[in-house]
Amino acid sequence: MAWTPHTLRRPQVCVLGSAEPGSAAHDLAAAAGRLLAQLGITLVSGCGSPATRVAAEQAIAAGGLVVSIVPPGEMPAPDWPATVVIPCGMGDARNLLMALAGDACLVVGGRAGTISEVCLAWLHHRPLLPLTGCGGWSDGLLDNPPDERGNAPILPWDSVAALERQLRQLGLVAAAGNPQ
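Residue 3 is where the sequence shown starts when you use my numbering, and the numbers rise one by one after that.
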């Protein structure tokens, strides 16, 4: 589907992963959050790691929408970086919801929870946008996909400009104007 200014549903990109403050990956996660907001793309995240939290904070600061799917059954504190919070009460099983909630999944670094979400996204044919050159699971996804099936495109990025090109290649950016 091509996104146009007349499309009712905004495109959604799920931000997965982890990276520590002060790292290049953390800085790029922040820049990615701003970019998603500027392009009119809803950011979906758990907002629990420093990288996903800063992406959400920057998306909100840029006027974007952020949906946070949190593992516990309770609402987080009022300062949680989200426009909409969905407490799922599913613990780590929430990873399936995360994988399904995006039209694509942006992957920053990552640990065990990230690779779980990546594999679920792959099984459900969600394009993967791994940050490369900064460490973590995302670094090796292009050369080592979850399996041999080729379920979805893997479109790496190493800069905000490269990420924008990949989002446009996926058709997640309206041809003229933002899909708001």
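Note that the Cβ used here is the ideal one computed from N, Cα and C, for glycine as well.
Secondary structure within the segment 53-130: the alpha helix (DSSP H) runs of 4 or more consecutive residues, fully enclosed, are 96-102, 114-125 (chain order).
Selection M100, D94, G104, L67 evaluated against V86 yields L67 as nearest (Cα-Cα). Per DSSP, the unbroken alpha helix (DSSP H) holding G35 starts and ends at 26-40. Where L10 is concerned, there is no enclosing alpha helix (DSSP H), because DSSP gives it neither an H nor an E.
Taken through DSSP and simplified to helix, strand or coil, S20 comes out as strand. Taking C-beta atoms as the reference points, P89 and V72 count as a pair closer than 8 Å. Inter-residue distance for H28 and R151 is about 31 Å (C-alpha atoms, whole angstroms). For the pair L172 and M100, the CB atoms are not nearer than the 8 Å cut-off. P132 sits buried, since 16 or more C-beta atoms from the chains shown fall within 10 Å of its C-beta. Taking a 10 Å sphere around the C-beta of G24, we find fewer than 16 other C-beta atoms and assign the residue as exposed.
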